[in-house]
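Novice: Residue numbers (the numbering used here): 13 to 358. Cβ atoms here follow ideal geometry from the backbone N, Cα and C, with glycine treated the same way. Provided herewith is a single structure, encoded as structure tokens, for subsequent inquiry.
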């Protein structure tokens, strides 16, 4: 299905503008997948900022820069925090992806994903940013709808599907049937918040200072969402909170599971609320189809088990969960053009 759609959309650009990563599909191919990070040089007054690096290069500089250089994420919890820097980041990503060839023309259409809970003001800002790149037309689609399409769920069917997309900034839950959202919920609690919690836990429990990037590595290496997962451990390095010297400790998956408990409960509660709000006529269908997980946090060990216990439904991690939203954006342009899906007026 995707090959047919990709071929038809050869002049379109699909952008998953995520808090953690930006993915760009062009002419049916994934041509860019890089951190949504920007390194800036700052003048003596701390006012004028110039872009020094973006994406992977900027992430490599994070936490290592002198005071004249700042590394930021211009998108916070799915919302553009710095419009100008975000606009420049998108332009540079597209330029980088196209290897400096001109890819924006008067016929170019861009479709870009946003959190379901984003306001009209936030959507307008994102749309204007995409228009400033030079596109002829810009469409906005909710992350949760794009994730469902990218996961290959039968969104046009009268049988409901439920998808839980957990990225860096937001957790979104959507119940989808007949091309529309029967229910959707969004909370700004996701992967980035987990990283902060892990860093804070290690600081308070072990007296070790680590950065959020190290916390992210811990989360993906030994992080766990369920107590039944085999206990594993890893050695980490940081700065001793008390004397400032180098220190190393061993951290276990059971510790991380305990530290993330409250955040995981918030996510589970959001999923339960979606099920409680689902019309009774669709409940039996969901018993058969279950829940599909997308987004980077879907790969957290034991998360599927936790949500299955809480909801009493089968939980499946979608194929290529980190790319579902971006792939869904590509396919969504065809759906939008033929009025096969319904999205908020943007």
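Looking at the secondary structure, which residues open and close the beta strand (DSSP E) in which residue 47 lies?
Specialist: Element bounds for residue 47: 41-47.
Novice: Can you tell me whether residue 270 is helix, strand or coil according to DSSP?
Specialist: DSSP places residue 270 in helix when its eight states are reduced to three.
Novice: Out of 329, 296, 327, 313, point me to the one whose CA is closest to residue 172's CA.
Specialist: Nearest C-alpha to residue 172: 296.
Novice: If you pair each beta-carbon of the region 313-332 with each one of the region 271-287, do three or more pairs fall below 8 angstroms?
Specialist: Yes, the region 313-332 is in contact with the region 271-287.
Novice: Does residue 67 come out as helix, strand or coil in the three-state DSSP assignment?
Specialist: Looking at residue 67 - three-state DSSP - the assignment turns out to be helix.
Novice: Less than 9 angstroms between the C-beta atoms of residue 180 and residue 127, yes or no?
Specialist: Contact flag unset, no.
Novice: Considering only their Cβ atoms, is the gap separating residue 106 from residue 344 smaller than 9 angstroms?
Specialist: For residue 344 and residue 106, no; Cβs fall outside 9 angstroms.
Novice: What is the residue span of the alpha helix (DSSP H) that residue 203 lies within?
Specialist: Where residue 203 is concerned, the enclosing alpha helix (DSSP H) stretches over 203-218.
Novice: Is the beta carbon of residue 223 less than 9 angstroms from the beta carbon of residue 67?
Specialist: Result no, Cβ atoms of residue 223 and residue 67 do not sit closer than 9 angstroms.
Novice: Contact between the region 302-318 and the region 222-242: three or more CB pairs below 8 angstroms?
Specialist: Segments in contact, yes.
Novice: Note the first and the last residue of the continuous alpha helix (DSSP H) segment covering residue 7.
Specialist: Any answer about residue 7 is impossible in this case: the structure gives the chain only from 13 up to 358.
Novice: Can you check the region 94-176 for any alpha helix (DSSP H) of at least 4 residues that lies completely inside it and give the ranges in chain order?
Specialist: With a minimum length of 4 residues, the continuous alpha helix (DSSP H) runs that stay inside the region 94-176 are 95-109, 132-144, 155-162.
Novice: Would you report the Cα separation of residue 252 and residue 258, rounded to the nearest angstrom?
Specialist: Approximately 6 angstroms, taken between the alpha carbons.
Novice: For residue 335, does the three-state DSSP call read helix, strand or coil?
Specialist: Residue 335 falls in the helix class under three-state DSSP.
Novice: For residue 302 versus residue 327, is the C-beta distance shorter than 9 angstroms?
Specialist: Yes; because the gap between Cβ atoms is below 9 angstroms, this pair is in contact.
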